[in-house]
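Everything on this sheet refers to the single structure shown next.
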Amino acid sequence: MGIPEDKLLWMYDTMFKSRYYEETMERVYMEGKSPFNIGAGLVPGEMHLSTGQEPAAAGICAHLTDEDTVMSPHRPHHHAIAKGVDLKRMTAEIFGKESGLGKGKGGHMHLFDPAVKFSCSGIVAAGMPQAVGTALAAKKRKSDAVSVAFIGEGATNAGAFHEALNMAALWKLPFIVVVEDNNYGISVPKDVATSVETNDVRSSAYGIAGEKVTNNDPIAMYEASERTVERARAGEGPTIIEIETYRYLGHFQGDPELYREDGEVEALRKKDPIAGLKQYVIDQGFVTESELDEREDVIKSEVDQAYQFARGSEYPVSEAALEDVFV
Amino acid sequence: METAKKERMLTGNKAMAEGIAQEMEQNDDVFVLGEDVGKYGGIFGSTEGLLDKFGPDRIMDTPISESAIVGSAIGAATEGMRPIAELMFTDFFGVCMDQIYNHMAKIHYMSGGNVKVPMVLTTAVGGEYNDAAQHSQTLYATFAHLPGMKVVAPTTPYDLKGMMISAIRDDNPVVFMFHKTLQGLGWMDPLEASVGNVPEDAYTVPLGKANVAREGSDVTIVGIQMMTVYALEAAERLAEEGIEAEVIDLRSLVPLDKETILNSVRKTHNILVVDEDYLSYGMTSEISAVVAEEALYDLDTPIKRMAIPDVPIPYSRPLEQHVVPSAEKIYKQVKDMLDS
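If you're matching them up, the sequences are chains G and Z in order. Quick note: the first sequence, position 279, residue 279 per full-length UniProt numbering, numbers continuous. Quick note: the second sequence, position 180, residue 180 per full-length UniProt numbering, numbers continuous.
Take a look at the structure:
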């Protein structure tokens, strides 16, 4: 096992932060929504939480710098946190506040933090061709930056996925797509929507590399990502990484989840990747349980402060709606 | 009253689904395809209960492949079937607009009338629940601008059912835009207008006919979907002050019922057009142009229009409320018009 101690602990911290952030959001989102009304409360609109999907984000972002690009879809918080997006301004944006990343104009599906080259959008697979474009820019400018598009397994059936991969392969771009296979496109299971069992095999259609990570394993994700990012930085072209991951919650908060089997989520939660990684770093002797507790307290405090910042921030003045259409 | 007892109240989504079900029962060529139309029953309830009734061969969950959803519906329609394809949010039109614009809308024309495309494209529209720039648009005009397809946007549960049946039976492609808030879903803002009387039997409401939702003599307010609801609310307030507004529920963008609008303007001599779509090059512009061309000298005051002021729909609540028309804004606009 060749993963450096500091990287493993960074992954643990990042996954823990992401989990704590989402669990806090799950509660905060319900404030003012009883009876449930999607447009009411402190945080209105759709809310897609990533609880359970942390390994995908932490495993690859461990290999990225601020110069590398990440484009994320409608479920973006774990990616944003792993990429180092400003937590206070991200939270303020989700609250619709003036101090938010987009001054309240974007919201939870439309977070833009150019300082760490992070963005996301609410249109399935839309980040694929755009991340090919940022990879193209890196190649033209002879930088060694890579571009990562995160998508769900459902997005692999969108035209943009295939068009983007062909172009990235054709031009040998430093482009990586991480397919987070949580088995559902909203309610539609993978085997009802996708003609192949795993999406890494689709790499052969483009003559590129494919990686498959099973069991939501953060260490395997780290290792697959290491090989992938090295290839991309060395000019050896794109890779599809598919990770089998778990969505503990609904597609969005308020989803009745009638498409789930009884006990499905409970079984997934028993295989929790954060608990697994915690045991691993303790067993390796990298850290004691009480040292981890202290680290967790520091992280919780940082997340709590981000939420406090968002709560305490002002709403934009309503006339600001008319600004920022053009430069 | 006797008649009140007979009323059968349904939400918008149930009325729409019932219209689809009744056509499916009497015509094997009708089927539904789209994302989450099966077990989920449509994210906005448009196919609620249909999977249980008709099974997965006729209520088909699809991959997230909008070009293929719309394109395959076109192909099946040219074979004489009557597919209903769902585009979950109208905002997602971009990933399949070629199939819609260059094919669905043009095949009949380009073939010199020899190939028909009798399909329905259903899609959810509208905002005001803070879903931001990529999930809150109506895009009425984007679709209405393109020749070759009918574009309808019913408001009431009665019209949702009757116009759905008309849309399925129509030999033209019909874009059937249903408003999320008017579906009467339990997880959105409750709205009285989203529940209404819907007869059990199959019936049709014609496409291309506007409805005079409220008669009045002082000013015409043309609305569509939620803007009709707000116009009716504003009209109640105006009536308390002695101003009688006539409210026209447009229902169809294409064909556009010019006669109903012009007849109303010739009676009231004042008109306000209200839209939940963008202002410029939109429905308000089109109706204003029709009135200016054909009834200019019947007007006592300049035509007024109210719509999203040419900005993407912002996320934050005060920002969104600033750009979407409301009953209050309509009331004030009418007062301003008639006071001047």
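Where is the CB? At the ideal position from N, CA and C, for every residue including glycine. Model, not experiment: these values are computed from the prediction.
Evaluate the contact criterion for the stretch 250-266 of chain G versus the stretch 201-211 of chain G: three or more CB pairs, one atom per stretch, below 8 Å. no
Is there a Cβ of chain Z sitting closer than 7 Å to that of F36/G, yes or no? By one-based count along the first sequence, residue 36/G stands at place 36. Closer than 7 Å to some Cβ of chain Z, the Cβ of F36/G qualifies, so yes.
Could you list the residues in the stretch 39-57 of chain G with a C-beta less than 7 Å from some C-beta on chain Z, going in chain order? G39, P44, G45, E46
Nearest chain Z C-beta to H110/G closer than 7 Å, yes or no? The count along the first sequence starts at 1 and reaches residue 110/G at position 110. At least one chain Z Cβ lies under 7 Å of H110/G.
Using the three-state DSSP reduction, which class does D57/Z fall into: helix, strand or coil? One-based indexing of the second sequence puts residue 57/Z at position 57. Coil at D57/Z, not helix or strand.
What did DSSP end up calling Y184/G once you bin it into helix, strand or coil? On the first sequence, residue 184/G is found 184 positions in, with the first residue counted as 1. Looking at Y184/G - three-state DSSP - the assignment turns out to be strand.
Within a Cβ cutoff of 8 Å, which residues of the same chain sit near M25/G, ignoring the five residues on either side of it in sequence? Against the first sequence, residue 25/G aligns to sequence position 25. These residues qualify, in order along the chain: V43, M47, L49, H77, I94.
Could you check if P174/G is buried or exposed, using at least 16 other CB atoms within 10 Å of its CB as the buried criterion? Taking the first sequence and counting its residues from 1, one reaches residue 174/G at position 174. Label assigned to P174/G: buried.
Are the C-beta atoms of L191/Z and some chain G residue less than 7 Å apart? Along the second sequence, read from residue 1 onward, the residue named residue 191/Z stands at position 191. For L191/Z, the answer is no, since every Cβ of chain G falls outside 7 Å of its Cβ.
I'd like to know whether the C-beta of A132/Z is nearer than 7 Å to at least one C-beta of chain G. As a first step, residue 132/Z is located in the second sequence; it is residue number 132 there, counting from the start. With 7 Å as the cut-off, A132/Z counts as an interface residue toward chain G.
On the DSSP bridge assignment, give the partners of D298/Z in chain order. Counted from its first residue, the second sequence places residue 298/Z at position 298. D298/Z pairs with nothing; no bridge assigned.
Per the contact definition of three or more C-beta pairs closer than 8 Å, is the stretch 197-214 of chain Z in contact with the stretch 235-252 of chain Z? yes
If you draw a straight line from the alpha carbon of E244/G to that of E35/Z, how long is it in whole angstroms? Sequence index remark: in the first sequence, residue 244/G carries index 244 (1-based). Sequence index remark: in the second sequence, residue 35/Z carries index 35 (1-based). If you take the alpha carbons of E244/G and E35/Z, they lie about 22 Å apart.
DSSP state of Y12/G mapped onto helix, strand, coil: Position 12 of the first sequence, counted from the first residue, corresponds to residue 12/G. Y12/G: helix per DSSP, three-state reduction.
Proximal residues, the stretch 178-194 of chain G versus chain Z, C-beta separation under 8 Å: G185, I186, S187, V188, V192, A193, T194
7 Å is my cut-off, CB to CB: does V327/G come that close to chain Z? Counted from its first residue, the first sequence places residue 327/G at position 327. No, V327/G does not count as interfacial toward chain Z.
Give the C-beta separation of T51/G and R19/G to the nearest angstrom, bearing in mind that I take them to be a contact with Cβ-Cβ under 8 Å. What you label residue 51/G is simply residue 51 of the first sequence in a count that begins at 1. What you label residue 19/G is simply residue 19 of the first sequence in a count that begins at 1. Between R19/G and T51/G the Cβ distance is about 6 Å, and since that is below 8 Å, they are a contact.
Under a three-way DSSP split, which group does M16/Z fall into? In the second sequence, residue 16/Z corresponds to position 16, counting from 1. Residue state, collapsed to three classes: helix.
Please look up how many angstroms separate the CB atoms of A58/G and A40/G, rounded, as I've assumed it's under 8 Å. Your numbering for residue 58/G matches position 58 in the first sequence. Your numbering for residue 40/G matches position 40 in the first sequence. Contact check for A58/G and A40/G: beta-carbon distance about 33 Å, past the 8 Å limit, so the pair fails to qualify.
Can you find the residues in the same chain that come closer than 8 Å, C-beta to C-beta, to E200/Z, ignoring five residues on each side of it along the sequence? Numbered from 1 along the second sequence, position 200 holds the residue referred to as residue 200/Z. Excluding residues within five positions, the ones whose Cβ falls inside 8 Å are R8.
Take the Cβ of N114/Z as the centre, count every other Cβ of all protein chains shown within 10 Å, and call the residue buried at 16 or more, exposed below. Here residue 114/Z refers to the residue found at position 114 of the second sequence. With fewer than 16 other Cβ atoms within 10 Å, it is exposed.
Drop a sphere of 10 angstroms on the beta-carbon of P122/Z, count the other beta-carbons inside from all chains shown, and report buried for 16 or more, exposed for fewer. Taking the first residue of the second sequence as position 1, residue 122/Z is located at position 122. A small fix is needed here, since residue 122/Z is Thr in this sequence, not Pro. Buried, since its Cβ has 16 or more Cβ neighbours within 10 Å.
Using a Cβ cut-off of 7 Å (strictly closer), state whether G2/G contacts chain Z. As a position in the first sequence, residue 2/G is number 2, starting the count at 1. Cβ-Cβ to chain Z under 7 Å: no for G2/G.
Using the C-alpha atoms, what's the distance from D170/Z back to G196/Z? Reading the second sequence from its first residue, position 196 is the one you call residue 196/Z. Reading the second sequence from its first residue, position 170 is the one you call residue 170/Z. Cα to Cα, the separation comes out at about 25 Å.
Counted within 10 angstroms of its Cβ, other Cβ atoms place Y29/G as buried (16 or more) or exposed: The residue given as residue 29/G occupies position 29 in the first sequence. Buried is the call here.
Since G127/G meets chain Z, which of its residues come closer than 7 Å, beta carbon to beta carbon? Counting from 1 along the first sequence, the entry for residue 127/G is found at position 127. Residues of chain Z passing the Cβ test: none, with the nearest at roughly 12 Å.
Top-ranked residue by Cα proximity to M128/G, from K105/G, E153/G, P114/G, E230/G: As a working mapping, residue 128/G is identified with position 128 in the first sequence. The shortest Cα separation from M128/G among K105/G, E153/G, P114/G, E230/G belongs to E153/G.
Got a sec? Which residues, its chain only, sit under 7 Å from A76/Z by beta carbon, not counting five neighbours each side? Within the second sequence, numbered from 1, the residue matching residue 76/Z stands at position 76. Same-chain partners within the cutoff: P83.
Quick check: the Cα distance between M1/Z and K332/Z, rounded to an integer number of angstroms? Residue 1/Z sits at position 1 when you count from the first residue of the second sequence. Residue 332/Z sits at position 332 when you count from the first residue of the second sequence. With a pLDDT of 46 at M1/Z, under the threshold of 50, the modelled position of this residue cannot be trusted; read the value that follows with caution. So the two alpha carbons sit approximately 37 Å from each other.
Could you check if K140/G is buried or exposed, using at least 16 other CB atoms within 10 Å of its CB as the buried criterion? Counting from 1 along the first sequence, the entry for residue 140/G is found at position 140. Classification of K140/G: exposed, given that the 10 Å Cβ count is below 16.
So, is the C-beta of A158/G closer than 7 Å to a C-beta in chain Z? Taking the first sequence and counting its residues from 1, one reaches residue 158/G at position 158. Judged by the 7 Å Cβ criterion, A158/G is in contact with chain Z.
Assign N37/G to one of three DSSP states: helix, strand, or coil. Here residue 37/G refers to the residue found at position 37 when the first sequence is read from its first residue. DSSP places N37/G in coil when its eight states are reduced to three.
Would you give the residue range spanned by the alpha helix (DSSP H) that H179/Z belongs to? The residue given as residue 179/Z occupies position 179 in the second sequence. Where H179/Z is concerned, there is no enclosing alpha helix (DSSP H), although the beta strand (DSSP E) it sits in stretches over 174-179.
Check each candidate in G208/Z, E276/Z, G162/Z, G186/Z and name the one with the smallest Cα separation from G254/G. Mapped onto the first sequence, residue 254/G falls at position 254. The candidate whose alpha carbon is nearest that of G254/G is G186/Z.
Can you pull the DSSP bridge partners for V95/Z? If you number the second sequence from 1, residue 95/Z lands on position 95. Per DSSP, none; premise fails for V95/Z.
Kindly list, in the order they appear in chain Z, the residues whose Cβ is closer than 8 Å to that of A131/G. Here the question's residue 131/G lines up with position 131 in the first sequence. Within 8 Å Cβ-Cβ: nothing; A131/G doesn't reach chain Z, min ~17 Å.
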